Amino acid sequence: MRELHQLDQQQDAVRLAGWLARNSIRVRLEQEENCWVVWLVDDAQRETARQLLQQFLTNPQAARISAAEVDGLKLLKQQDAPEPTLNTNAARRLKRRWSGVWYLTFPATFLLIGLSILVVAVTTDWRASLQQCGLFMPTCNDVQSRLLPKLFIQTPPDQYTDIELLLFNPMLPNPGGVLRRGELWRFVSPIFLHFGVLHILFNMQWMWGLGRWIEFTRGTPRYVSLVLITAVISNLSQLYWSGPLFGGMSGVVFGLIGYTWMKGRTAPEDGIGLPQDQIVYSIFFLLICMTGALGPIANAAHLSGFAVGIVLGMRKKLWRRLRGF
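Structural data, given as structure tokens:
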């Protein structure tokens, strides 16, 4: 926290705190020996808070500032209210989460990684793939697999013979047909398809590092909601951009990156964030993919997933601004 201003009278301090709170600035009031101190909770709001403070000092008796005194009194009462006690069930759940056991701390991340590896294992023609060793060995290329066609967002053509036809083959998007047939899993299932060893290694590395952290910090229900929302929107974006034959967890990964980035900037109290160099690296990689230098890439899924993650990460700040407006 940062000290914003000191005032001699409690009424003036309450009025200033209410004026700031009404404009979505998070503050605290504390009484010291001979004055009242207004503390700024989020340092990122410093410039806006100083501008509002200047307006207050210019005319503290203005009607709109006087009307904010009610908000200041509410803030003061909330501070004086006793902290709610943690119930036994919540304490037990928190203790289990800190136990370090995977199915108590990050079950959804483990399941997502496990399903991705399983899909690659059962939908790959290993005899053909092993002829091309190394990180660029193709996967999810078994044309005889009954499972593989059911994991694309739409049913692919009856005949496809190699990995090139699995990527960006032009087809008309038809999500309505998916809905009519009740195949709702198709809106999510493309995230488990990976068309190369390097492809799945890159995505699973991010999921293992960033996904576990978000799930542990924010909880499994919020994390699963974030993954599902990002997956559906990024898959639909790629469907309308280039057709239904695509796959990969990259859209979700970029969604997690955008979410963590914005959380660190707008809600640091939630305990997650990314260093600036990792953000620069991620955006640089996003731009490199768009050039086509790395081959056929689901750029629409990357961009839309990144955008969705940013919006979800800053939704609290957006909501506060909308309420203030």
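When we follow the numbering used here, the leftmost residue of the sequence shown carries the number 1110, and every step to the right adds one.
All C-beta atoms, glycine included, are put in the ideal place defined by N, C-alpha and C.
These numbers were taken from a predicted model, which means no experiment stands behind them.
Rounded distance between the beta-carbons of residue j and residue i, thought under 8 angstroms
i     : j     : result
Q1347 : A1407 : 5 angstroms
V1361 : I1262 : With a Cβ gap of about 14 angstroms, V1361 and I1262 do not count as contacting.
W1148 : M1110 : 5 angstroms
G1352 : P1282 : 7 angstroms
P1247 : S1238 : 5 angstroms
M1316 : T1218 : 6 angstroms
Cα-Cα separation, residue i to residue j
i     : j     : result
I1174 : Y1332 : 40 angstroms
V1231 : V1389 : 36 angstroms
L1129 : F1393 : 38 angstroms
R1135 : G1286 : 48 angstroms
T1326 : A1126 : 30 angstroms
L1116 : V1210 : 51 angstroms
D1379 : R1290 : 41 angstroms
L1166 : A1172 : 14 angstroms
G1373 : I1309 : 27 angstroms
G1318 : S1391 : 14 angstroms
L1256 : R1430 : 47 angstroms
L1138 : L1383 : 31 angstroms
G1404 : P1284 : 26 angstroms
Q1120 : D1151 : 23 angstroms
Sub-8 angstroms separation of residue i and residue j beta-carbons
i     : j     : result
G1422 : T1375 : yes
T1369 : I1323 : yes
L1113 : A1153 : no
V1123 : E1178 : yes
F1363 : G1320 : no
L1161 : N1132 : yes
F1215 : L1307 : no
V1297 : L1337 : yes
Per-residue burial, residue i [other beta carbons within 10 Å of its own, 16 or more giving buried]
i     : result
W1294 : exposed
Q1118 : exposed
D1386 : exposed
I1366 : buried
T1270 : The predicted position of T1270 is uncertain, since its pLDDT is 46 and thus under 50; a value taken from the coordinates is nonetheless stated next. Exposed: under 16 other Cβ atoms inside 10 Å.
I1079 : Nothing about residue 1079 can be read from this structure; the chain reaches only from 1110 to 1434.
Q1170 : exposed
L1220 : exposed
W1428 : exposed
Q1268 : Since pLDDT at Q1268 reaches only 47, below the 50 mark, its modelled position is unreliable, and the value read off the structure follows with that caveat. Exposed, because fewer than 16 other Cβ atoms sit within 10 Å of the Cβ of Q1268.
N1168 : exposed
beta-carbon residue i near the ligand ADP non-hydrogen atom, thresh 7 angstroms
i     : result
Q1387 : Within the structure as shown, the ligand ADP is missing, as the structure has no ligands at all.
Three or more C-beta pairs closer than 8 angstroms, one from the stretch 1411 to 1419 and one from the stretch 1336 to 1355: is that the case here? yes
Are the stretch 1302 to 1313 and the stretch 1348 to 1359 touching, with three or more C-beta to C-beta distances below 8 angstroms? yes
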